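Notes follow the structure.
Residue numbers (our numbering): 115 to 360.
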């Protein structure tokens, strides 16, 4: 039991949830390390969605609505944290959903797919092929899913596959709390925000954009702007903390 008056109650609940998901075979043990790394950067952002991230989330909605074949790529951490939010985003954007894992086993694929389906997600199925130019199992994807996508939303860290997808000519939206990561640096559009805040914000923006607004917003995306603004936000946050200690 986590005391409700604990100052880190929300974060501890998430950690316990992910630990339980690991025991159920949904999250890989390495996924817990990734969660901790993201938490550290969220501290630096003040554990809130910055104005820059909010703009990136609106732009992400525009890109999803404007894409021909958008796909949301889901790993274990994302499924464990955001299954219902993924279902909402799928309905709002019309994007397909495909499970793609680095630590891939058939048991994990079935467990994650079942979790998503229980939340109302329509998960693509079929025989995967090594279509992505990588030497590990994240190369495996569906020809009618990520293989045919012109836009892939990649929640959470995925640096080498993000770069490989870009090399294949695909646009990539990445949700990553670390603006210095390969994922954020490589994505067409980096969203520097916590995934449980980011996905509902993208869903809400999908409902508010007209087709014309979406086309105009998605036409020109400069990911470096969002990286600079995220780093500026972290610098300001650190300065505020420093001044408070004086």
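From the three backbone atoms N, C-alpha and C, an ideal C-beta is built for every residue, glycine too. No experiment lies behind these values; they were computed from the predicted model shown.
Per DSSP, residue i is paired with what?
i, result
"residue 232", "Its beta-bridge partners do not exist; DSSP assigns none."
"residue 242", "BP columns for residue 242 are empty, so no partner."
"residue 265", "184, 285"
"residue 339", "Beta-bridge pairing links residue 339 to no other residue."
"residue 255", "243"
"residue 237", "211"
Leaving out five residues before and five after residue i in sequence, what residues of the same chain have Cβ atoms less than 7 angstroms from its Cβ?
i, result
"residue 213", "188, 223, 226, 227, 237"
"residue 197", "229, 230, 233, 235"
"residue 216", "250, 251, 252"
"residue 120", "126"
Could you pull out every residue in the same chain whose Cβ sits closer than 6 angstroms to the Cβ of residue i, ignoring the five residues on either side in sequence?
i, result
"residue 253", "244, 246"
"residue 218", "251"
"residue 269", "192, 289, 309"
"residue 293", "306, 341, 344, 345"
"residue 356", "none"
"residue 199", "313, 314"
"residue 152", "291"
"residue 331", "173, 176"
Look at the Cβ atom of residue i, then the Cβ atom of residue j, and state whether they are nearer than 8 angstroms.
i, j, result
"residue 184", "residue 207", "yes"
"residue 303", "residue 316", "no"
"residue 272", "residue 167", "no"
"residue 328", "residue 179", "yes"
"residue 264", "residue 248", "no"
"residue 278", "residue 337", "no"
"residue 146", "residue 136", "yes"
"residue 352", "residue 159", "no"
"residue 173", "residue 347", "no"
"residue 141", "residue 190", "yes"
"residue 186", "residue 201", "no"
"residue 175", "residue 267", "no"
"residue 181", "residue 132", "no"
Start and end of the beta strand (DSSP E) containing residue i?
i, result
"residue 285", "285-289"
"residue 360", "Per DSSP, residue 360 belongs to no beta strand (DSSP E) and is neither H nor E."
"residue 212", "210-213"
"residue 303", "303-305"
Locate the alpha helix (DSSP H) running through residue i, then write down its first and last residues.
i, result
"residue 143", "143-158"
"residue 295", "Careful: residue 295 lies outside any alpha helix (DSSP H) and carries neither H nor E."
"residue 207", "190-207"
"residue 311", "309-322"
"residue 136", "123-137"
"residue 331", "325-333"
Less than 8 angstroms between C-beta atoms, sequence neighbours within five positions excluded: which residues of the same chain meet that for residue i?
i, result
"residue 161", "308"
"residue 276", "268, 286, 288, 296, 297, 300, 301"
"residue 321", "206"
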